[in-house]
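Heads up: the sequence lines are chains A and B, in that order.
Using my numbering, the letters of the first sequence map in sequence onto residues 1 to 103.
Using my numbering, the letters of the second sequence map in sequence onto residues 104 to 743.
Even glycine gets a Cβ: it sits at the ideal position worked out from N, Cα and C.
Here is the structure we will look at, set down as structure tokens.
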Amino acid sequence: MKEPNSSPDPIHSDAFLARLMRGQLKLSIACALCFVVALVALPLLNYLQPEFMAQRVFGFTLTWLILGVLFFPFVWIISFVFIQRSIALEDAEAKAAQDGLTK
Amino acid sequence: MHTLLAFLAAEPAAHGIDPWIVFFSLSTVAITVGMGFWSAGKSKSAGDFFVAGRSVSVGWNASAISGEYLSAASFMGVAGMVMATGYDALWYPVCYACGYLFLLLFIAGPLRRFGAYTIPDFAEGRYDSPLFRKIAVCFVLFIGFFYTMPQMKGAGTTLAYIFQGVDLRGGWLEFLAPFANDKPQVGLNYAVGVAIVGAVITLNVSLGGMKGITLVQAFQYWLKVFAITVPIFVLASIVGHYQQHLAANKTAQETVATAPAGIERKALPAKAPQDEQWIAPFGKLTTKAVDASVKAAKTQEEKAALEANKKPYSLLYTYSLIIALVCGTAGLPHILVRFYTNPDGVAAKRTTMWVMILIGVFYVFPPVYGVIGRSLTPELYEAVGSKGTDKVVLELPTLLAGRDHPLLGSILSGITCAGAFAAFMSTFSGLLVSMSSALAHDIYGRILKPSSSPEQRLKAFKWSALIVGLTAIGLGTMVESLEINFMVGQAFAIAAASYFPLLFMSVWWRGMTMRGAATGMLVGGLSALTAISLTSVSDVAAANAKKLTEAAKLAEFWSEHPIAKWLGDAWVAHPLLRILCEQPAIWAVPLSITLMIVVSKMTAATIPADVRMKMLVLHAPEALGLKQEYIKEHEGLGGH
Chain A
1 MKEPNSSPDP IHSDAFLARL MRGQLKLSIA CALCFVVALV ALPLLNYLQP EFMAQRVFGF
61 TLTWLILGVL FFPFVWIISF VFIQRSIALE DAEAKAAQDG LTK
Chain B
104 MHTLLAFLAA EPAAHGIDPW IVFFSLSTVA ITVGMGFWSA GKSKSAGDFF VAGRSVSVGW
164 NASAISGEYL SAASFMGVAG MVMATGYDAL WYPVCYACGY LFLLLFIAGP LRRFGAYTIP
224 DFAEGRYDSP LFRKIAVCFV LFIGFFYTMP QMKGAGTTLA YIFQGVDLRG GWLEFLAPFA
284 NDKPQVGLNY AVGVAIVGAV ITLNVSLGGM KGITLVQAFQ YWLKVFAITV PIFVLASIVG
344 HYQQHLAANK TAQETVATAP AGIERKALPA KAPQDEQWIA PFGKLTTKAV DASVKAAKTQ
404 EEKAALEANK KPYSLLYTYS LIIALVCGTA GLPHILVRFY TNPDGVAAKR TTMWVMILIG
464 VFYVFPPVYG VIGRSLTPEL YEAVGSKGTD KVVLELPTLL AGRDHPLLGS ILSGITCAGA
524 FAAFMSTFSG LLVSMSSALA HDIYGRILKP SSSPEQRLKA FKWSALIVGL TAIGLGTMVE
584 SLEINFMVGQ AFAIAAASYF PLLFMSVWWR GMTMRGAATG MLVGGLSALT AISLTSVSDV
644 AAANAKKLTE AAKLAEFWSE HPIAKWLGDA WVAHPLLRIL CEQPAIWAVP LSITLMIVVS
704 KMTAATIPAD VRMKMLVLHA PEALGLKQEY IKEHEGLGGH
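Structure representation (structure tokens):
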């Protein structure tokens, strides 16, 4: 087993791991925030603005339309954006690390 | 073939059973079992059995995960709950689908890269601790059994529905009939349905293993989507659409309910919630506890004080439910094990996205059954147990028979029955595989007999499937009075307080120690489990007490169940306590995570020595080839 912090190659350094995790976690948290804000806001709006949320839109109430129908595509968009960026991030990391090795 | 056709053409009343429903349901069972047998010949090694050789493509895997995930709760329970309680129940389908986002963002990719068969494998590998495996494996079984109970209720409800016209009284099969006041009735006993379906699936799983299941699950996803969409489109084109039926329910701002032209609405029975409560947030589902206390309150001041708390408590209930479902999805053992069948971490992420789309499309439809069911089959509000709103998906298509489409009504009801079969069969199979794997792979293979050969482990898997299947049947017969969807929600709450914190923290925090992880998971998970069990025990007892009409018998019943009586009284006295026990996620998840952090800080000296390498394996892209390096390093050391 390798000794901590004494490894010569860049992949096994603490700095590389920290950067790797920070990049991925930042992206994950940004995407999660969009989702959590919506999850917190909808019950709160129902609580504070019941009349506004009960207005009719195409026969649905506004809040029913949001929760029963629109919420699904909203989450698909977040997940699509996350996958694209996350895969791009991984490719960049792999490339950077391998460049570092050949130097 | 001729006899089959003759049977199909016969009048339903002649047999007491609708031949189309039997035909579609039996076909579903036959195809499922047939595919299991067919692929049994193809799965040879233990690896095939446990994780399908890790070679399943994204499309197949996404369909299979979706097929496994869409359970009786999704297919029957969501519709039943929307009909019974209205808007609040929509949180279930939305969070069932969207909870995958947390799984995708934080867990799916790293977990796949780490490459272990099961969650207990991960627990052991991440902390180099065989002891932790033993602790972690318990929760596969806890969560699994909580999740199998509603599937069994789905099975019992569906079979009781299919055979509702059968008259077994007086014959030698009389013991299979349902009993009321000790007298046999027309129809089939709920428990018999549970036993039949449980036995068929158990047999299927012990023969086919997981490779068979991947194929069957993928097929069943598409069957379920077909079975939920086609009948509702046909039905809506005849009786009116989703939004039209919703528009027929008046909101608190509207003075009269004005049904759009051509929309029929039957009168609601007294037990049904009123329009204003049903269509608006914070309805019956979330205010039940406070309502019970208001009913029992003696003075006007007490009543007023409780009424003032009603809405804030409802908001609390809603948030707790959301936390349970969203975090719970990311901690379901039978779903997580499927991520190991992806070839790499990128495929695991892609699969998760496709799962969200596949199940999201599905989840738009069950509430439609609930909404139309409220207009057209309100009589279900009055029934209880397996005859209540949980069967609205099966019942609704038969309405077409009364509208000059008798054949169409039968066929569509047959299709929804087939979908229900697919739903509880696929989820139960998946649970059975992961629970039997836990028993065979973890408890037998690692703890009881580490020296066992692969053949012995395969044999152990089959025996485990049998044991788990029988236990699930036994538990399933006891929960007829609980709502399907509600029970699944509780399994999610336990997963949210145990596996979710474990996975989330182990993947993202280097400072975690085995003791921290174990303490947090055990305390969080067990306290959620206890709180939920308390509410379920008292609810089942209360439902049984309701069946007794004589005062003397009722008094005797409660004296025999002092704990349930005491709990029932405690809930009425403290509605907030009831809400926090029924939906424990809001305190159990933070409790679990806090304990993990505090205990890990206290035991920081025991952080695994090679934690940096483990974190690299979890997070570095596969292209760097760190995984192989890690395995070699461990083999070089003698490894584990």
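| message | So, for H348 (chain B): in the same chain, excluding its five sequence neighbours on each side, which residues have a beta-carbon less than 7 Å away from its beta-carbon? | response | Here H348 (chain B) has I366, V474, I475, S478 as same chain residues with Cβ atoms under 7 Å from its own Cβ, once five neighbours each way along the sequence are excluded.
| query | Where in the stretch 469-538 of chain B do unbroken runs of the alpha helix (DSSP H), each at least 4 residues long, occur, reported from the N-terminal end onward? | reply | Fully enclosed alpha helix (DSSP H) runs of 4 or longer: 469-479, 495-498.
| said: To the nearest angstrom, how far is the alpha carbon of F153 (chain B) from that of V319 (chain B)? | reply: Confidence is the limiting factor: at F153 (chain B) the pLDDT is only 49, short of 50, which leaves the residue's position unreliable and the question unanswerable from this model.
| query | Exposed or buried, what is M718 (chain B) when buried is set at 16 or more other beta-carbons lying within 10 Å of its beta-carbon? | reply | That one is buried.
| Reduced DSSP secondary structure (H/G/I, E/B, other) of T79 (chain B) | The structure shown does not extend to residue 79 (chain B), since chain B is modelled only from 104 to 743, so the question has no answer here.
| task | Note down, in chain order, each residue of its chain lying with its Cβ closer than 8 Å to the Cβ of G120 (chain B), except the 5 sequence neighbours on either side. | result | Reading off the sequence, residue 120 (chain B) comes out as Ile, not Gly. Excluding positions up to five away in sequence, the list reads I265, F266, G268, V269.
| message | Using 7 Å as the threshold, is the C-beta distance between S539 (chain B) and H437 (chain B) below it? | response | No, Cβ-Cβ distance for S539 (chain B) and H437 (chain B) is not below 7 Å.
| What does D14 (chain A) touch in chain B if you count any residue whose Cβ is under 9 Å from its own? | Within 9 Å Cβ-Cβ: R715.
| said: With H, G and I counted as helix, E and B as strand and the rest as coil, what does DSSP make of F656 (chain B)? | reply: Residue identity check: residue 656 (chain B) is Lys in the sequence provided, not Phe. In the structure shown, K656 (chain B) sits in a helix (DSSP, three-state: H, G or I).
| query | From which residue to which residue does the alpha helix (DSSP H) around N46 (chain A) run? | reply | Residue range 14-48 is occupied by the alpha helix (DSSP H) that includes N46 (chain A).
| Are there three or more Cβ pairs, one per stretch, closer than 8 Å when the stretch 18-28 of chain A is compared with the stretch 383-403 of chain B? | Cβ pair count under 8 Å is below three, so no.
| message | Between B:V643, B:P196, B:A182, which has its C-alpha nearest V464 (chain B)'s C-alpha? | response | In terms of CA proximity to V464 (chain B), B:P196 leads the group B:V643, B:P196, B:A182.
| C-beta neighbour in chain A for M104 (chain B), strict 7 Å | For M104 (chain B), the predicted model reports a pLDDT of 45, less than 50, meaning its position is unreliable and no value from the coordinates is stated.
| Between B:P693, B:G619, B:A673, which lies nearest to T706 (chain B) when the distance is taken from Cα to Cα? | Comparing Cα-Cα distances from T706 (chain B) to each of B:P693, B:G619, B:A673, the minimum goes to B:G619.
| Under a three-way DSSP split, which group does F278 (chain B) fall into? | In the three-state reduction of the DSSP assignment, F278 (chain B) falls in the helix class, which pools H, G and I.
| Distance between P724 (chain B) and E90 (chain A) (C-alpha atoms, nearest Å) | The straight-line gap from Cα to Cα measures roughly 6 Å.
| Is it right to say I425 (chain B) is buried, meaning 16 or more other beta carbons lie within 10 angstroms of its own, or is it exposed? | When all chains shown are included, I425 (chain B) counts as buried.
| request: Write down every uninterrupted run of the alpha helix (DSSP H) in the stretch 622-648 of chain B whose length is 4 residues or greater and which is fully enclosed by it, in chain order. | output: Restricted to the stretch 622-648 of chain B, not a single alpha helix (DSSP H) segment is unbroken, complete and at least 4 residues in length.
| task | Put V269 (chain B) into one of helix, strand or coil per three-state DSSP. | result | Three-state result, V269 (chain B): coil.
| field | Beta carbon proximity, F52 (chain A) to chain B, threshold 7 Å | value | Chain B contact via Cβ: absent.
| task | Please confirm if G23 (chain A) has its CB atom under 7 Å from at least one CB of chain B. | result | For G23 (chain A), the closest Cβ of chain B is not nearer than 7 Å.
| query | Is F60 (chain A) helix, strand or coil when you go by DSSP? | reply | Correct three-state label for F60 (chain A): strand.
| request: Could you tell me which chain B residues have their CB closer than 8 Å to the CB of L67 (chain A), listed as they occur along the chain? | output: Neighbours of L67 (chain A) on chain B, chain order: Y190, L193, W194, V197.
| request: Return the CA-CA distance between I66 (chain A) and Y172 (chain B), expressed in angstroms with no decimal places. | output: So the two alpha carbons sit approximately 24 Å from each other.
| field | Anticipated Cβ contact below 8 Å, P711 (chain B) with A634 (chain B), distance rounded | value | With a Cβ gap of about 32 Å, P711 (chain B) and A634 (chain B) do not count as contacting.
| What are the boundary residues of the alpha helix (DSSP H) that includes Y195 (chain B)? | Per DSSP, Y195 (chain B) is one residue of the alpha helix (DSSP H) stretching across 194-201.
| field | Cβ neighbours of V702 (chain B) in the same chain (closer than 6 Å, five flanking residues each side left out) | value | Taken in chain order, the residues that qualify are R618, G619, T622.
| Closest to P415 (chain B) by CA distance: which of A:Q84, A:W64, A:S86, A:L44 is it? | When only C-alpha atoms are compared, the closest one is A:L44.
| task | Could you name the residues of the same chain whose beta carbon sits closer than 8 Å to that of P372 (chain B), not counting the 5 residues immediately before and after it, in chain order? | result | If we look at P372 (chain B) and ignore the five residues flanking it on each side, its Cβ neighbours are P481, E482, Y484, E485.
| task | For A94 (chain A), return the contacting residues in chain B, with the cut-off set at a CB-CB distance below 7 Å. | result | Residues of chain B passing the Cβ test: P724, A726, L727.
| field | Min CB distance C34 (chain A) to chain B below 7 Å | value | Any Cβ of chain B closer than 7 Å to the Cβ of C34 (chain A) would place that residue at the interface, and such an atom is absent.
| task | Give me the Cα-Cα distance between L108 (chain B) and G180 (chain B), rounded to the nearest whole angstrom. | result | For L108 (chain B), the pLDDT reaches just 48, beneath the cut-off of 50, and the residue's location in the model is therefore unreliable, although a value from the coordinates is still provided. Answer to the nearest angstrom: the Cα atoms are 33 Å apart.
| field | Cβ-based contacts, 7 Å cut-off: residues of the stretch 62-90 of chain A near chain B | value | Interface annotation for the stretch 62-90 of chain A against chain B: T63, W64, L67, G68, V69, F71, F72, V75, W76, I78, S79, F80, F82, I83, S86, I87, E90, criterion Cβ-Cβ distance under 7 Å.
| request: Return the first residue and the last residue of the alpha helix (DSSP H) that A688 (chain B) is part of. | output: From DSSP, the alpha helix (DSSP H) with A688 (chain B) extends over 688-705.
| Whole-angstrom C-beta distance between F595 (chain B) and T432 (chain B), which should lie under 8 Å | Indeed, because the Cβ distance is near 7 Å, the residues count as touching under 8 Å.
| query | Where does A594 (chain B) fall in DSSP's three states? | reply | Helix.
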